Amino acid sequence: MNTDNRSAGALLIALTFGWATACQPISQRTPAATTPPLKLNQIQVVGSHNSYKGAIEPALMRALMARDSALFLSLDYQHIPLPAQLDLGLRKLEIDVVHDPQGGRYARPLGIALVEQSGQTPLPFDSLGKMKSPGFKVLHVQDIDFRSQCLRLRDCLQEIKDWSRAHPNHLPIAVSFNAKTDLINQPGFVRPLAFTSATFDSLDAEIRAVFPPEYILTPDQVRGEHPSLEAAVKAQHWPSLADCRGKVLFVLDEGGEKRASYVRGHPSLRGRVMFVNAPPGQPEAAFIILNDPIQYRDSIQSLVRSGYLVRTRADEGTREARAGDYRRWEAALASGAHFISTDYYRADERFGTGYRIQLPAGAVARCNPVASPDGCGNERLE
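Here's what the structure looks like:
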């Protein structure tokens, strides 16, 4: 994540030219023609949930299941590396980060000791010692669900950046973050550090250290000359796909004090890298996350028509995959949510249901059933 370092001055210069210039594609990119030009908020794509997550090793899973089978059954899924997911056509990724400014805070998970105490040899973990280095780390649940396809945030981001550079005509990729601070009040478990405004400054800097300005779609670019970010999105001021192919947009999926800390000093997210999951009526509202498309189908459709980007989920806790239940997926499609996250873009053969989520005909994207204009053609997408 320290590659391609750009100064704050360079970023300000890029933003000075305004939204129209900043959203132009990288010079070597040749986006597909679209007539009429489709916008980012007029398509629908599939993504993954907890995209970085590796499997809990069998010995540890058995020990956990003996304590609470219902709880830990929901953690029994895993993902392939991020570039492989992008190769399959996923255009929404999710990354959980923990703050580790000194390094080493998460280097020796309790789960490894639990496996050893059971008389078994744990699987190798972090043989290169990356968890000892300072910086944001990527994991799901400290000490229990700690195996990741990329252990450091900088590595995850670099993988996405490298893939984007190799595929310059791709549709925009949305990457959302959870800033993990959940406390497990049991002996031996790591206590996560808080996320303050300064921590979020560091998170923004980490993203900018990997992605040059021309790769990022920022709130400033979308807001343009509008009085607020929300005013811009309600005016449908999202960029066209032609202008934003090859770009990545980042989202902070947090509320409460964490969201307030990120917004503080940056009204309407001025100067920030990430969008935030803010409710309608807030100046920062642009990207809204509603996980249940059955319960919130009408709300999602209304938000989509109003111009907000919306993310929802096709499945949760392995339940739909185990039952072969597509009702939630069908509701997500019909809702018009722009990003539909799943744990099962590939079927888990253990379940015997064949449950797998993909758009019709295996497309990377399709015209949004709620927001796309008349005459929208899926053949003009990626």
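So the mapping is simple: my numbering equals the position in the sequence shown, first residue as 1, plus 62.
In this text, a Cβ means the ideal position worked out from N, Cα and C, and glycines have one as well.
As the structure is a computational prediction, the values presented were derived from the model and not from experiment.
DSSP three-state assignment for residue i, whether helix, strand or coil
| i | result |
| --- | --- |
| S302 | strand |
| D162 | coil |
| Q204 | coil |
| Q106 | strand |
| R253 | coil |
| L311 | strand |
| T261 | helix |
| V335 | coil |
| R359 | helix |
| A84 | Confidence at A84 is low in this model, with a pLDDT of 36, below 50, so the placement of that residue should be treated as unreliable; the coordinate-derived value is given next. Helix, per DSSP. |
| T78 | With a pLDDT of 30 at T78, under the threshold of 50, the predicted position of this residue should be treated as unreliable, though the coordinate-derived value follows. Helix. |
| R375 | strand |
| S364 | helix |
| R167 | coil |
| S226 | helix |
| S403 | strand |
| I142 | coil |
| I419 | coil |
| G173 | helix |
| L291 | helix |
Expected contact under 8 Å - CB spacing of residue i and residue j to nearest Å
| i | j | result |
| --- | --- | --- |
| R373 | A399 | 6 Å |
| L233 | A427 | 6 Å |
| R389 | I356 | 7 Å |
| A132 | L176 | In fact, because the Cβ distance is near 19 Å, the residues do not count as touching under 8 Å. |
| R214 | K192 | 5 Å |
| V237 | V338 | The pair is not a contact, with the Cβ atoms about 13 Å apart (cut-off 8 Å). |
| P196 | P163 | 6 Å |
| F273 | S323 | Between S323 and F273 the Cβ distance is about 22 Å, and since that is not below 8 Å, they are no contact. |
| N231 | G173 | So it is not a contact: roughly 42 Å between Cβ atoms. |
Alpha carbon of residue i to alpha carbon of residue j, nearest angstrom
| i | j | result |
| --- | --- | --- |
| D354 | G109 | 15 Å |
| R281 | P422 | In the sequence as displayed, the identity of residue 281 is Pro instead of Arg. Each residue's Cα considered, the two are about 31 Å apart. |
| E319 | G181 | 43 Å |
| L365 | F187 | 43 Å |
| R326 | F413 | 46 Å |
| P431 | Y277 | 28 Å |
| C85 | E411 | Interpretation of C85 is limited by its pLDDT of 38, a score under 50 that renders its predicted location unreliable; the figure taken from the coordinates is listed afterwards. Straight-line Cα distance between these residues: approximately 42 Å. |
| G369 | A121 | 47 Å |
| S136 | R381 | 8 Å |
| R129 | I118 | 15 Å |
| R332 | F312 | 14 Å |
| P184 | D207 | 14 Å |
| F239 | A260 | 16 Å |
| K223 | D305 | 18 Å |
| I350 | D266 | 20 Å |
| L245 | H202 | 12 Å |
| A396 | D387 | 16 Å |
| G424 | S189 | 37 Å |
Cβ neighbours of residue i in the same chain (closer than 8 Å, five flanking residues each side left out)
| i | result |
| --- | --- |
| I419 | V108, A376, D377, W391, I402, T404, Y406 and Y407 |
| C429 | L100, Q104, I105, Q106, C438, G439, N440 and L443 |
| S434 | L100, Q104 and I105 |
| A347 | L291, E292, V295, A340, P341 and Y370 |
| A297 | H288 and G369 |
| A393 | P355, I356 and R359 |
Contacts around residue i, its chain only, beta-carbon distance under 7 Å, and the 5 residues preceding and following it disregarded
| i | result |
| --- | --- |
| V252 | R167, Y168, Q204 and D205 |
| S113 | H141, L144, Q147, L155, E156 and I157 |
| A228 | none |
| A256 | T243 |
| L152 | V108, G109, S110 and Y407 |
| H299 | V284, G286 and H288 |
| G317 | N339 |
| P345 | S290, L291, E292, P329 and S330 |
| L445 | Outside the modelled stretch of the chain, which goes from 63 to 444, sits residue 445, for which no answer is possible. |
| A409 | G416, Y417 and R418 |
| G116 | Q140, R209, S210 and Q211 |
| I269 | L219, F312 and V335 |
| L150 | Y407 |
Nonlocal neighbours in the same chain, by C-beta distance under 6 Å from residue i, ignoring five residues either side
| i | result |
| --- | --- |
| V160 | K199, K242 and P254 |
| S302 | P99 and K101 |
| M127 | F134 |
| R321 | V338 |
| D217 | none |
Contact with chain B by residue i, beta-carbon distance below 8 Å
| i | result |
| --- | --- |
| D162 | The chain inventory of the structure shown lacks chain B, comprising one protein chain alone. |
Residue i Cβ short of 7 Å to the ligand HEM heavy atom set
| i | result |
| --- | --- |
| C212 | For the ligand HEM, the structure offers nothing, since it holds no ligand at all. |
Residue i - partner residues in DSSP beta bridges
| i | result |
| --- | --- |
| A236 | K154 and L311 |
| K101 | S302 |
| C429 | I105 |
| S397 | S397 is not bridged to any residue. |
| F349 | N339 and L371 |
| S210 | K115 |
| K242 | Paired residue(s): none; K242 is not in a bridge. |
| K320 | In DSSP, K320 forms no bridge with anything. |
| K199 | V160 and R214 |
| I278 | V310 |
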